[in-house]
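Worksheet for the structure shown next.
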Amino acid sequence: MATSRLTSTDETAAVAQAAAPARKGGAGPPGEPRRIGYLYVLPALLVYGAFLLFPLVHSFWISLYDWNGQTLATWVGFANYVDIVRDAELRSAFGHALVLIFFYAVVPIVLALALTAAMSRARVRGLTFFRTALFLPQVVAMVVVATAWSAIYAPSGVLNTVLQAIGLGALARPWLGDFTWALPSVGLIGTWVEIGLALVLFMAGVQRIPRELYEAARLDGAGPVREFFAITLPSLRGEISVALTLTIVAALRTFDLVYIATHGGPGTATTVPAFQVYHRAFETNQVGSACAIGVTLAVVILLVTVLVNRLAEGRDQR
Amino acid sequence: MRISAAERVATYVILIAFTVFALFPIIGILLSAVSPPEDMTAGFNIPSSIDLHNFVDAWRQGHFGRYLVNSVVVGVAVVAATTLLATMAGYAFGSMRFRFAQPLFYLFLLGLMVPQEGVIVPLFYDLRSVGLTDTYWGLILPQVAQSLSFGTFWMRAYFRSTPRPVVEAARLDGASSWTTLWRVLLPMGRPALTTMVVLVFMWTWNEFLMALVMVPADESLRTAPLGLAFFQGQYTSDFALLAAASVIVAAPVVITYVALQRRFIAGMLSGAVRE
């Protein structure tokens, strides 16, 4: 994986640089000391600071207040954060995010791993076509994805029609309007979006495992299962960590899909943190609480990213 | 390694099955979009004949002509600004050494992990107080800031990979750092640049939350995805119209993707590098 390689060269370069700061020539960036560097960074930093860093800090500041967006705000300290644990609606929003992580990350990755293992290492004809098609859900606007899947899940939509045609009409229901099934239905859309990403990643990763490893394993009498756990899985560690990061973050950031397909409903059956941020800030005037959820979400995403990367690296060193 | 015929068949069966799964909703939308009105149900359709009228209707009734123009204006502005600023910052981080370069770079990387939900609320109130909501600026500036994280990360990686002798030769010829950047290094970096441009364009084009929040009142400033969301609220019964509108909204990105799929995939997967 080009990405994991990128990280490790970055680190080696950083170490080399620290060890020999005055090193001249050579291929090791970054080059010589130049104060003019600040000037090059400045314009980007100004825009970035004004429209991302400042709002982030401001978000934290607002989160310490009880504010309806218009009248004077009241200082409440960390009460809005305590609410995330106490308030049933918010607790369920974060709970739903966990369910979505299962559908966005766990299901696609496990499935893609199993499929990758089941696929032979033969050269596939038309690989470009398969890869392009499998990855396509990643580039289609979520609004369009939500529209398409709403039609599939509609009361007289494709899914129910198929169920009736194969004699399972009893299972037919308005999927996105059903208290029990709405969340898994939304989750399945996430599975649809992410499975191609995982497959494309793992297929590329498997191509790079030396064939000799498999041949040696077969000579040693390893069956397909041993082969998978002894060779394929460890070799794909980098790809798995990339897939985990991307899919978990996608699950945690789900907004468009929920806003368009269910608006958090029925009731609060599909409400998620990102939706609560919007809902509270712009629909029910609980601006402080909305900011607290936003900040919490940012921290959770940061932790997940660092943690997944650490796990992948930690095992690397063993 | 020898591969049996059964294994080979299994490989294709798996690939074809999941390709069908991936394409099904998209093809469903395409087919519904060209269905004549008499075919229409609430779900997908196999059209009895091809009827392109839905596109005309969606274009007119849904004001998608207007929305596409907005999306193009915002997309081009965000891409242009991001490219300029990220190239300069990436150049400094990738080929120069100055104090605090490392922590500054990490500060930019932070943006890769900050979800919009973490900044959108104060952004709305702050921009409203200076009169920038319901303007193109309110849509453009925050998205430039968001794209700069990836852009700087991506361009820094490119500039680190450029051969040092080239830079030194340019320097010996008396080229300033500015000339070296635009005349020597950037022309060599067209592939890296193209990847960044198409990705930032896609992210901006598909962006929903920012458009929803930053344009609270002025309908004529809606971007294409936002227009589609409101259109969906109005025309739930006429799915052919909705499908046609969806095709209009998705097409520019999908066509670019099909043409440049390798760059899209490589770039999007690299977004996971965070440390």
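From first to last, the protein sequence lines stand for chains A and B. According to the working numbering, the first sequence is numbered sequentially starting from 2. According to the working numbering, the second sequence is numbered sequentially starting from 89. Note that the Cβ used here is the ideal one computed from N, Cα and C, for glycine as well. Here the structure is a predicted model, which is why all the values come from computation and not from measurement.
Alpha carbon of residue i to alpha carbon of residue j, nearest angstrom
i                : j                : result
Asn161 (chain A) : Ala147 (chain A) : 17 Å
Glu314 (chain A) : Leu308 (chain A) : 10 Å
Pro67 (chain B)  : Gly170 (chain A) : Absent from the model: residue 67 (chain B). The displayed extent of chain B is 89 to 363, so no value can be given.
Phe193 (chain B) : Thr170 (chain B) : 16 Å
Ser151 (chain A) : Ile102 (chain A) : 21 Å
Val97 (chain B)  : Phe131 (chain A) : 15 Å
Leu91 (chain A)  : Tyr82 (chain A)  : 10 Å
Ala51 (chain A)  : Val42 (chain A)  : 14 Å
Gly191 (chain A) : Asp214 (chain B) : 33 Å
Met298 (chain B) : Arg259 (chain B) : 43 Å
Ala155 (chain A) : Gly96 (chain A)  : 25 Å
Val58 (chain A)  : Thr297 (chain A) : 13 Å
Ser120 (chain B) : Leu135 (chain A) : 21 Å
His151 (chain B) : Ile117 (chain B) : 20 Å
Leu1 (chain A)   : Ile115 (chain B) : Limits of chain A in this structure are 2 at one end and 319 at the other, which puts residue 1 (chain A) out of reach.
Ile336 (chain B) : Ala217 (chain A) : 53 Å
Phe112 (chain B) : Ala257 (chain B) : 54 Å
Gly199 (chain B) : Gly178 (chain B) : 15 Å
Ala270 (chain A) : Phe180 (chain A) : 6 Å
Pro22 (chain A)  : Leu247 (chain A) : Per-residue confidence for Pro22 (chain A) stands at a pLDDT of 37, beneath the threshold of 50, marking its modelled position as unreliable; the derived number appears in the next sentence. Between Pro22 (chain A) and Leu247 (chain A), the C-alpha separation is close to 35 Å.
Gly26 (chain A)  : Phe181 (chain B) : The predicted model places Gly26 (chain A) with a pLDDT of 40, which falls under 50 and marks its position as unreliable, so this point remains unresolved.
Phe212 (chain B) : Thr175 (chain B) : 28 Å
Ser60 (chain A)  : Val207 (chain B) : 6 Å
Glu195 (chain A) : Val226 (chain A) : 25 Å
Leu116 (chain A) : Val125 (chain A) : 14 Å
Val201 (chain A) : Val207 (chain A) : 10 Å
Ala119 (chain A) : Thr99 (chain B)  : 7 Å
Residue i in three-state terms, based on DSSP
i                : result
Gly355 (chain B) : helix
Thr75 (chain A)  : strand
Asp222 (chain B) : coil
Asp145 (chain B) : helix
Asp257 (chain A) : helix
Asp214 (chain B) : helix
Arg35 (chain A)  : coil
Asp84 (chain A)  : helix
Arg122 (chain A) : coil
Arg132 (chain A) : helix
Arg154 (chain B) : helix
Arg185 (chain B) : strand
With 16 other Cβ atoms within 10 Å as the buried cut-off, status of residue i
i                : result
Met290 (chain B) : buried
Pro30 (chain A)  : With a pLDDT of only 48 at Pro30 (chain A), under 50, the local geometry of the prediction cannot be trusted, and the value read off the model is given with reservation. Buried is the call here.
Gln139 (chain A) : buried
Val346 (chain B) : exposed
Gln322 (chain B) : exposed
Trp324 (chain A) : Outside the displayed range of chain A (2 to 319) lies residue 324 (chain A), so it cannot be described from this structure.
Trp270 (chain B) : exposed
Ser157 (chain A) : exposed
Thr72 (chain A)  : exposed
Ala105 (chain B) : exposed
Phe79 (chain A)  : exposed
Leu245 (chain A) : buried
Arg53 (chain B)  : The question about residue 53 (chain B) has no answer, for chain B in this structure spans 89 to 363.
Thr285 (chain A) : exposed
Ile167 (chain A) : exposed
Gly262 (chain B) : exposed
Ser242 (chain A) : buried
Ser334 (chain B) : buried
Trp293 (chain B) : buried
Leu220 (chain A) : exposed
Rounded Cβ spacing between residue i and residue j (contact assumed at less than 8 Å)
i                : j                : result
Ala110 (chain B) : Ala332 (chain B) : At roughly 22 Å, the Cβ-Cβ gap does not stay under 8 Å, so Ala110 (chain B) and Ala332 (chain B) are not in contact.
Val144 (chain A) : Phe296 (chain B) : 6 Å
Asn142 (chain B) : Ala328 (chain B) : 5 Å
Val209 (chain B) : Ile85 (chain A)  : Rounded, the Cβ-Cβ distance is 15 Å, inconsistent with contact.
Ala312 (chain B) : Leu156 (chain B) : 5 Å
Val301 (chain A) : Leu253 (chain A) : 6 Å
Ala1 (chain A)   : Ala113 (chain A) : Residue coverage of chain A in this structure runs from 2 to 319, which leaves residue 1 (chain A) outside it and unanswerable.
Val286 (chain B) : Phe352 (chain B) : 6 Å
Could you run through the region 326 to 360 of chain B and flag, in chain order, every residue whose CB is less than 9 Å away from some CB of chain A? Phe327, Leu330, Ala331, Ala333, Ser334, Val335, Val337, Ala338, Val341, Val342, Thr344, Tyr345, Val346, Gln349, Arg350, Phe352, Ile353, Ala354, Met356, Leu357, Ser358, Gly359, Ala360
Proximal residues, the region 121 to 137 of chain A versus chain B, C-beta separation under 9 Å: Ser121, Arg122, Ala123, Val125, Arg126, Gly127, Leu128, Thr129, Phe130, Phe131, Arg132, Thr133, Ala134, Leu135, Phe136, Leu137
Could you run through the region 197 to 211 of chain B and flag, in chain order, every residue whose CB is less than 9 Å away from some CB of chain A? Leu198, Gly199, Leu200, Met201, Val202, Pro203, Gln204, Glu205, Gly206, Val207, Ile208, Val209, Pro210, Leu211
Please identify, using Cβ separations under 8 Å, the residues of the region 294 to 315 of chain A that lie next to chain B, in order along the chain. Ile294, Gly295, Val296, Leu298, Ala299, Ile302, Leu303, Thr306, Val307, Asn310
If the cut-off is 7 Å on Cβ atoms, which residues from the region 149 to 178 of chain B count as contacting chain A, listed in chain order? Leu173, Ala174, Met176, Ala177
Contacting positions in the region 282 to 299 of chain B - beta carbon closer than 8 Å to chain A: Met290, Trp293, Asn294, Phe296, Leu297
Report the residues of the region 76 to 98 of chain A with a CB closer than 7 Å to any CB of chain B, ordered along the chain. none
Which residues, taken in chain order from the region 136 to 151 of chain A, show a beta carbon closer than 9 Å to some beta carbon of chain B? Phe136, Leu137, Pro138, Gln139, Val140, Val141, Ala142, Met143, Val144, Val145, Val146, Ala147, Thr148, Ala149, Trp150, Ser151
Taking a Cβ distance cut-off of 8 Å, strictly less, list which residues of the region 270 to 297 of chain A are near chain B, in chain order. Pro274, Ala275, Val278, Tyr279, Ala282, Phe283, Val288, Ala291, Cys292, Ile294, Gly295, Val296
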